[in-house]
Structure formats: structure tokens, C-alpha cells
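Everything on this sheet refers to the single structure shown next.
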Amino acid sequence: MTVESTAARKNTRGGGKRTTAKKASPAKAKTAAQAPAEAEQDQLVQLLTPEGKRVEHPEYAIDLSDEELRGLYRDMVLTRRFDAEATTLQRQGELGLWASLLGQEAAQIGSGRALRDDDYVFPTYREHGVAWCRGVDPTNLLGMFRGVNNGGWDPNSNNFHLYTIVIGSQALHATGYAMGVQKDGADSAVIAYFGDGASSQGDVAESFTFSAVYNAPVVFFCQNNQWAISEPTEKQTRVPLYQRARGYGFPGVRVDGNDVLACLAVTRAALERARAGEGPTLVEAFTYRMGAHTTSDDPTRYRADEEREAWEAKDPILRLRTYLETEGIADQAYLDAIEEESETLGKRVREVVRSMPDPDTMAIFENVYADGHALVDEERAQFAAYQASFVDAEEN
Amino acid sequence: MAVFEKITLSKAINASLRASMEADPKVLVMGEDVGKLGGVFRVTDGLQKDFGEERVIDTPLAESGIVGTAIGMALRGYRPVVEIQFDGFVFPAYDQIVTQLAKMHARALGKIKMPVVIRIPYGGGIGAVEHHSESPEALFAHVAGLKCVSPSNASDAYWMMRQAIESDDPVIYFEPKRRYHDKGRLDTEAIPDPLHAARVAQAGTDVTLAAYGPMVKVCLDVAKVAAEEGKSVEVLDLRSISPMDFDAIQTSVEKTRRLVVVHEAPVFLGSGSEIAARITERCFYHLEAPVLRVGGFHSPYPPSRLEDEYLPGLDRVLDAVDRALAY
Chain D
142 MTVESTAARK
152 NTRGGGKRTT
162 AKKASPAKAK
172 TAAQAPAEAE
182 QDQLVQLLTP
192 EGKRVEHPEY
202 AIDLSDEELR
212 GLYRDMVLTR
222 RFDAEATTLQ
232 RQGELGLWAS
242 LLGQEAAQIG
252 SGRALRDDDY
262 VFPTYREHGV
272 AWCRGVDPTN
282 LLGMFRGVNN
292 GGWDPNSNNF
302 HLYTIVIGSQ
312 ALHATGYAMG
322 VQKDGADSAV
332 IAYFGDGASS
342 QGDVAESFTF
352 SAVYNAPVVF
362 FCQNNQWAIS
372 EPTEKQTRVP
382 LYQRARGYGF
392 PGVRVDGNDV
402 LACLAVTRAA
412 LERARAGEGP
422 TLVEAFTYRM
432 GAHTTSDDPT
442 RYRADEEREA
452 WEAKDPILRL
462 RTYLETEGIA
472 DQAYLDAIEE
482 ESETLGKRVR
492 EVVRSMPDPD
502 TMAIFENVYA
512 DGHALVDEER
522 AQFAAYQASF
532 VDAEEN
Chain H
35 MAVFEKITLS
45 KAINASLRAS
55 MEADPKVLVM
65 GEDVGKLGGV
75 FRVTDGLQKD
85 FGEERVIDTP
95 LAESGIVGTA
105 IGMALRGYRP
115 VVEIQFDGFV
125 FPAYDQIVTQ
135 LAKMHARALG
145 KIKMPVVIRI
155 PYGGGIGAVE
165 HHSESPEALF
175 AHVAGLKCVS
185 PSNASDAYWM
195 MRQAIESDDP
205 VIYFEPKRRY
215 HDKGRLDTEA
225 IPDPLHAARV
235 AQAGTDVTLA
245 AYGPMVKVCL
255 DVAKVAAEEG
265 KSVEVLDLRS
275 ISPMDFDAIQ
285 TSVEKTRRLV
295 VVHEAPVFLG
305 SGSEIAARIT
315 ERCFYHLEAP
325 VLRVGGFHSP
335 YPPSRLEDEY
345 LPGLDRVLDA
355 VDRALAY
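For the protein sequence lines, the chains are D and H, in the order given. Note that the first sequence covers residues 142 to 537 in this note's numbering. Note that the second sequence covers residues 35 to 361 in this note's numbering.
Here it is in C-alpha cells:
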């Protein structure tokens with residue numbers, strides 16, 4: 142979002158019934174809104190410009206092999222392809238809902254590739270790219286969106302917790318898990334993903350408090366994609382999000398969320414800090430949700446096309462591709478091969494989803510409790526008998 | 035064999051926490067003021083001294099944070115026992131309990147367990163200010179994935195806590211705070227009743243009183259008075275609110291043919307409503323009278339000068355017994 146559009150939106154939308162705000166001089170209000178916005182730009186850690194030019198940052202150096210660079214490109218392309226496929230499947234009625242990550246590939250792949258296998262991830266519901274980095278079969282992510290389960294994978298097989306729908310709850314789970322890691326004397330780290338909207342939730346504030354107080358090895362990775370459904374970031378906060386960390390006593394850093402190299406470097410540094418016993422870090426990945434909040438949302442009602450167009454120029458995949466091509470790291474044959482791989486992935490996702498069976502009816506009663514519960518047992522038996530009565534009727 | 039002839043209910047819980055922590059290094063105690071202070075009711079007294087700050091964790095004043103981080107620690111393999119300081123303070127954590135803790139096992143298709151115990155000192159009768167005397171058990175019992183229990187005496191307080199901590203399911207452990215100082219017998223080597231089984235606290239033949247937690251003592255007192263009037267009252271200590279031992283209630287009702295349910299929580303949509311409905315379904319032809327309920331009113335918990343009127347006492351329960359017998 143540009144400074145101008147922020148100020149413009151404030152003038153047209155803000156205020157409401159607060160007459161005192163209306164009385165304030167517009168020029169003064171604009172200055173107040175503008176000053177931190179300009180400071181934000183200064184603070185943005187960037188290693189790859191929107192034009193695909195490599196730049197250095199004094200605190201965040203990164204040296205990746207050509208193979209690693211190509212890998213990041215592959216991850217982003219395949220993740221975007223998977224996401225597009227899921228969006229299409231929703232339009233075809235195969236999924237009840239989909240939350241697209243379009244535009245956030247760099248934030249997710251960059252941070253996801255900074256993780257070690259023994260680190261633990263607590264995602265929100267849009268972290269398809271992080272799931273990809275964790276080796277979670279992408280089709281596993283679709284079960285809850287198709288409505289065949291409410292989670293559907295074993296969090297411990299890839300150290301990737303279930304998607305959390307209630308905004309911000311998982312930040313506390315991550316903090317508690319990190320406190321456990323600390324008690325175990327392990328040197329792994331934990332990362333919690335959430336968005337700019339979730340930053341307003343009490344649970345996120347409480348997780349900042351707990352992690353700071355206990356010095357828990359957790360990284361808070363906020364993808365500020367500018368919009369919480371229809372509410373812009375300025376409806377969530379009066380200060381840049383990364384600056385909130387200071388009030389809790391740990392560092393916050395804002396990174397160009399469309400720059401996969403910067404996201405990788407900054408997250409890696411934050412994870413190392415956690416491992417070294419230096420406590421939490423808040424990373425704000427400044428990015429943009431190119432699509433709708435979910436397939437049920439209509440962003441044309443609340444945001445201008447120009448805004449999206451401005452962000453398209455910062456596309457995370459495009460800029461890495463430009464860099465790879467310019468530097469001769471990837472040739473056309475390689476790029477074509479990735480395209481072909483993404484087609485294969487799309488096809489597999491389609492096939493798996495379409496053949497995904499509805500769960501057995503009695504699954505309603507499964508896993509409600511670990512040790513069982515008399516009422517569940519009773520209702521299961523009653524419902525089984527009820528269903529069996531239809532079978533008997535048919536047989537008779 | 036450790037036998038306490040006279041131990042208070044709160045000290046029994048303390049002994050239980052201590053024994054659980056000794057038995058399993060993964061058991062942690064968390065909450066506001068649980069460390070040096072030993073909790074505002076001293077239930078965790080001395081635990082931090084003996085087990086250290088790593089296992090008896092004083093937390094920030096943030097209930098959602100307490101439960102949310104306990105969930106994270108359970109995911110890491112710990113068995114946290116968290117204290118919510120008072121009943122009315124649980125609501126900031128209600129979201130974490132209901133949307134997260136209760137559903138985690140099912141959402142992971144059974145692959146992960148949530149052995150978290152949430153201790154809530156609950157109920158009135160101690161002359162407290164508002165938010166310190168409520169009985170929110172029905173709000174939790176209504177939620178699938180949670181188990182809810184409430185001991186009424188020192189022995190149960192000890193054993194039910196040990197069993198709750200051993201359970202792989204989340205358990206809300208409601209502590210009847212006005213019974214904290216009541217003394218009872220405790221044998222820590224005994225074979226305990228199952229966690230979710232009701233117990234006949236007083237056998238009788240004319241009418242069944244079903245209660246749990248703080249109301250069991252009231253019902254036992256009622257039985258004594260009623261006996262002087264020639265009425266034989268059976269008192270069932272339900273012990274577990276979810277799951278509830280309906281078989282035990284049915285057995286008793288088939289014998290006495292009359293049932294009065296007593297709890298401190300408001301009657302409307304309270305646990306008594308569920309008991310009345312189910313026992314009517316199960317025992318329709320045995321009942322000589324409708325199932326009656328005695329409990330709190332559909333009002334905020336009143337200021338303490340009025341709580342004796344609000345709480346079911348001897349007279350109100352005796353009145354219900356008389357009404358049941360009058361059919």
C-alpha cells in the first residue's frame with residue numbers, strides 16, 4: 142500500500158462518530174499517518190529488489206548456492222500452482238472453501254526453508270507454502286476445506302501443527318511448545334504464523350508476554366498481507382506491527398515479504414537467536430494478499446484494482462525468476478521443467494481431491510476423547526442401531 | 035500405607051499434586067500465584083519449593099495465555115495442571131478451552147493427546163465479591179472433548195486429581211472452594227473408585243438426592259434431618275459431571291422412585307435439566323413424581339449478603355423432598 146492510499150483511506154473511512162477526529166486538521170492527520178509509513182519503508186529488509194536485482198543488507202547477509210536458489214524458485218512456483226488448483230477446485234464445487242496464499246509465496250517459502258527438521262511450526266490456515274517446506278503432502282491440506290475432516294494430519298510426523306481457524310490461538314500453542322522445548326534442554330526452535338488481523342487478538346498479545354517473560358525459543362512470523370478480510374492494517378494498529386515487539390522486550394524486524402531471500406535470511410537469524418537462548422523475535426513480513434481472503438470473499442467491494450496492480454509489480458516469483466535468468470542460474474530448459482512439474486502436481490491434486498471419499502458416518506463419534514466417554518459410546522450405539530434399522534428395512 | 039484420619043480437602047489436593055509430580059516428571063503446575071504464595075487458597079503450597087520454578091510455574095495474569103501455553107506444552111509431551119484462580123476468571127480462557135483444547139485430539143484424528151487438567155475453585159458460600167462464586171460447570175460439560183469432575187470430600191479430591199492427571203483427555207476439575215477446609219479421611223494406598231463413577235454417599239429408600247461437589251454435604255445434612263422426620267433419603271454423589279453416571283442414578287431411582295437434583299448453578303439449562311430429561315427417558319414407568327431441581331436462580335450470582343438465599347440450603351432441598359413425596 143502506498144503512503145498516499147493510506148492517507149486517502151484514512152480521510153474517507155476513518156473517524157466514524159468521533160467528532161473530535163473530524164475537527165482535527167486534515168493536514169496534521171496526514172502528516173501523522175505519513176511519518177511512520179515513511180519510516181516503515183526505511184526499515185524494510187530487502188535482499189532482492191522488485192526488479193530482480195541483488196542488494197545487500199548490513200545485518201542480513203545470505204549466501205546461497207545456485208541449487209538452493211533454484212530450489213526456492215521451484216518451491217514458490219509449485220506452491221502457487223497448488224494454490225491455483227485448489228482455488229479452481231473450489232470453483233468447481235470440489236472444495237467448500239479455500240484460503241489462497243497468492244502473493245505470499247516468498248514469505249512462506251523463505252521462512253519455511255529457514256527451518257530445521259526438528260523445529261516446530263504452528264500455522265494459521267493459509268500456510269500452504271510452509272506446509273510444502275515441511276514435506277506435508279499438499280493434498281492433506283485439502284481435507285478440511287473439502288469437509289472430510291477438521292484437520293486431518295498427524296502434527297508430529299512433520300512437526301507441522303494443524304491449521305488453526307480461530308485467529309491467533311496458535312501463537313499461544315507455539316509459545317507453550319517452545320517453553321517445553323526449553324524445559325527439555327533441546328536447541329530446536331518454534332515458529333508461529335499469523336496475520337496482521339490476528340495481531341489485534343489478545344492471544345497474540347498474551348503469547349508475546351509469555352514468550353518474553355520465559356524467554357521462550359519462538360519466532361513470531363506475522364505475514365502482514367495488508368488486509369484482514371476487508372479491514373486494512375490501519376484498522377488493526379497505529380504503529381508498524383514489528384515495532385510492537387519492543388514493548389514486550391524483544392526485537393521486531395520488518396522484512397520485504399515478497400523477497401524470498403530476505404525472508405529466509407531474517408527468519409534464519411531469528412531462529413538462530415531463539416536456539417541460542419536469546420528468546421523470541423517478531424518478524425513482520427510486509428507482503429500482500431493478491432487474491433481474496435477466501436473464496437467466499439469479494440475484495441472488489443473494499444479495495445482498488447490499482448492497489449493490486451502496484452503489488453503485482455513486486456511479485457515474489459517474478460523477481461526471483463528475473464534474478465535467476467539474469468545471473469544465468471536458471472535457463473529456459475530448467476524453467477520449462479518446473480512448469481511441467483507444476484502441471485503434474487496440479488493434475489495429481491485434482492485427481493486426489495476428486496477421489497477423496499466422504500468419511501464414514503461413524504467417524505462423528507471417533508476421537509472425541511482419547512480414553513472414551515460414556516455418552517459418546519451411548520450415542521454411537523444408538524445411532525448405529527438407527528442406521529442399521531434402514532438396512533434391515535431394505536432387506537425386508 | 036499413608037492414611038490420614040483427618041485431612042482437609044485442599045491439603046488432599048496438594049498431596050495429590052505432589053504425588054503426581056513425584057510419579058511423573060512431565061507433570062507441571064501452572065497458574066497465577068501458584069508458586070511462592072502457594073495459590074490464593076494455598077492448594078499448591080510448598081510445591082514450588084520442592085519441585086522448582088521449572089515445574090511449578092508462576093504465570094502472567096492472562097488466563098487465555100495460561101491455557102493456550104498449557105496446550106502447547108501438552109503437545110510437547112508435558113502434562114500441565116493449570117489453576118484458574120476463581121470460577122469467574124475462566125472466561126478469558128474459555129475460547130482456548132472450547133475451540134482448541136477440547137477439539138485437538140479429534141482434529142488430529144486421534145494422533146495427539148491433550149492431557150491438560152484445569153483446576154477451577156468454584157461455587158459460593160465464602161462471602162466473596164463478584165466473579166468469585168460462580169458455578170460454570172454446565173458450560174464446560176456441554177462441550178464435547180472435555181471431561182468435568184467435582185469432588186466433594188478429601189479422599190475423592192486426592193484420587194480424582196491423580197486420575198485426572200493420568201487421563202489423556204482434558205479434564206476440568208471443579209474444586210468446591212467452600213469445602214476446602216472440610217476434613218475427611220484419606221488412604222493414599224486404597225483402590226479408588228473410577229473417576230467417572232457416582233457413589234451412594236448415603237443409602238435410603240424414599241427419595242434420591244443427586245448432587246456433586248459442594249452440594250453433597252448439604253444433601254447429607256438433608257438426609258439426616260429427613261430421617262428424624264421418618265423419611266429415608268438416598269444421597270448420590272455424582273462426582274463426575276461429564277461423563278455422568280446415569281446408570282447409577284437410574285439404579286437409585288428405580289429403588290426410590292423419586293429424584294431431586296441439587297446444584298449451585300442456575301437451574302435453567304443446568305446439569306439438573308439433563309439429569310431430569312434422561313432419567314425421565316430411562317425411568318418413566320418407575321417415577322412416582324417428576325424429577326425436581328433445586329439450584330441457583332436465573333440471575334447474576336448475588337452480592338454475598340444474599341448468597342444464603344441464592345444457594346440451595348437445607349430448607350429449600352427439604353422442601354423439594356417434601357414436594358416429591360407429596361405426589
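Beta carbons are placed, not taken as given, at the ideal position from N, Cα and C, and that holds for glycine. Since we're looking at a predicted model, the values are computed, not measured.
Put residue i into one of helix, strand or coil per three-state DSSP.
i	result
W273 of chain D	helix
L263 of chain D	One detail in the question is off: residue 263 of chain D reads as Phe in this sequence, not Leu. Three-state result, F263 of chain D: strand.
Y156 of chain H	strand
L220 of chain H	strand
M431 of chain D	coil
F391 of chain D	coil
R213 of chain H	helix
P114 of chain H	strand
V494 of chain D	helix
W109 of chain D	Nothing in the structure corresponds to residue 109 of chain D, since chain D is present only between 142 and 537.
N365 of chain D	strand
K181 of chain H	strand
T305 of chain D	coil
I470 of chain D	coil
D477 of chain D	helix
T190 of chain D	coil
T378 of chain D	coil
E507 of chain D	coil
Counting along the chain, where does the beta strand (DSSP E) carrying residue i start and finish?
i	result
T463 of chain D	T463 of chain D -> not in any beta strand (DSSP E); alpha helix (DSSP H) instead, spanning 457–467.
I293 of chain H	According to the sequence displayed, residue 293 of chain H carries Leu and not Ile. From DSSP, the beta strand (DSSP E) with L293 of chain H extends over 293–300.
V218 of chain D	Careful: V218 of chain D lies outside any beta strand (DSSP E), inside the alpha helix (DSSP H) at 207–232.
A245 of chain H	241–245
Tell me whether residue i is buried or exposed, calling it buried when 16 or more other Cβ atoms sit within 10 Å of its Cβ.
i	result
E425 of chain D	buried
T502 of chain D	exposed
S206 of chain D	exposed
T228 of chain D	buried
Y527 of chain D	exposed
A529 of chain D	exposed
G80 of chain H	exposed
Y319 of chain H	exposed
Y297 of chain H	It should be noted that the sequence gives His, not Tyr, for residue 297 of chain H. Buried: at least 16 other Cβ atoms inside 10 Å.
D349 of chain H	exposed
A237 of chain H	exposed
V277 of chain D	buried
T467 of chain D	exposed
Which chain C residues are close to residue i, counting only those with a beta carbon under 7 Å from its beta carbon?
i	result
R141 of chain H	Among the protein chains of the structure shown, namely D and H, there is no chain C.
If the criterion is Cβ atoms closer than 8 Å, does the pair residue i and residue j meet it?
i	j	result
L382 of chain D	A255 of chain D	no
R213 of chain H	S186 of chain H	yes
A339 of chain D	D260 of chain D	no
T242 of chain H	T290 of chain H	yes
D161 of chain H	S338 of chain H	With the sequence shown as reference, residue 161 of chain H is identified as Gly, and Asp is not the correct amino acid for it. Against a cut-off of 8 Å, the Cβ pair of S338 of chain H and G161 of chain H comes out as a contact.
V509 of chain D	A140 of chain H	yes
T350 of chain D	Y389 of chain D	yes
L109 of chain H	H314 of chain D	yes
K211 of chain H	P155 of chain H	yes
F280 of chain H	R312 of chain H	yes
P392 of chain D	E246 of chain D	no
G218 of chain H	S189 of chain H	yes
D216 of chain D	W294 of chain D	no
D344 of chain D	G102 of chain H	yes
V299 of chain H	S167 of chain H	Note on residue identity: the sequence assigns Ala, not Val, to residue 299 of chain H. It is not a contact, given that the beta carbons lie outside the stated cut-off.
Go to residue i, then tell me how far its alpha helix (DSSP H) extends in each direction, as first and last residue.
i	result
M249 of chain H	249–262
N290 of chain D	Looking at the DSSP string, N290 of chain D is not in any alpha helix (DSSP H), and its letter there is neither H nor E.
I313 of chain H	305–317
F123 of chain H	No alpha helix (DSSP H) holds F123 of chain H; DSSP gives it neither H nor E.
Y344 of chain H	341–344
M64 of chain H	Not the alpha helix (DSSP H): M64 of chain H falls in the beta strand (DSSP E), residues 61–65.
Y318 of chain D	310–325
L359 of chain H	348–360
Start-end ranges of the beta strand (DSSP E) lying completely within the segment 62–104 of chain H, minimum 3 residues = If you keep only unbroken beta strand (DSSP E) runs of at least 3 residues inside the segment 62–104 of chain H, you get 90–92.
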